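I have placed the structure first, in the form of structure tokens, so that the comments after it can refer back to it.
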Amino acid sequence: NAGGCITHKCSFVVEYQGHREQVIAEATQLGKINLILGWTWLFKHNPEIDWQTGVVTLS
């Protein structure tokens, strides 16, 4: 990444299986990585994570 500098912030609504939530994302250069889920989000939603495939499932 370019020193990890946050270049933009974006607010948007995500809807998944009837759950609707506003998300504030921070953008930086991550190379081939599209998205990093933060600890706060992971703790709040407690998803199932398949570490071998990288699939995150909300139950």
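Note that my numbering has the sequence shown beginning at 952, numbered continuously upward. Quick reminder that beta carbons are idealized off the backbone N, C-alpha and C, glycines included. The model shown is predicted, which means the values in this text are computed figures rather than measured ones.
Is the beta carbon of residue i less than 9 Å from the beta carbon of residue j?
{"i": "Thr979", "j": "Ile957", "result": "yes"}
{"i": "Glu977", "j": "Lys995", "result": "no"}
For residue i, list the residues DSSP reports as bridge partners.
{"i": "Thr1004", "result": "Bridge partners of Thr1004: none, in fact."}
Uninterrupted beta strand (DSSP E) stretches inside the region 956–998 (no shorter than 3 residues): 959–967, 970–978
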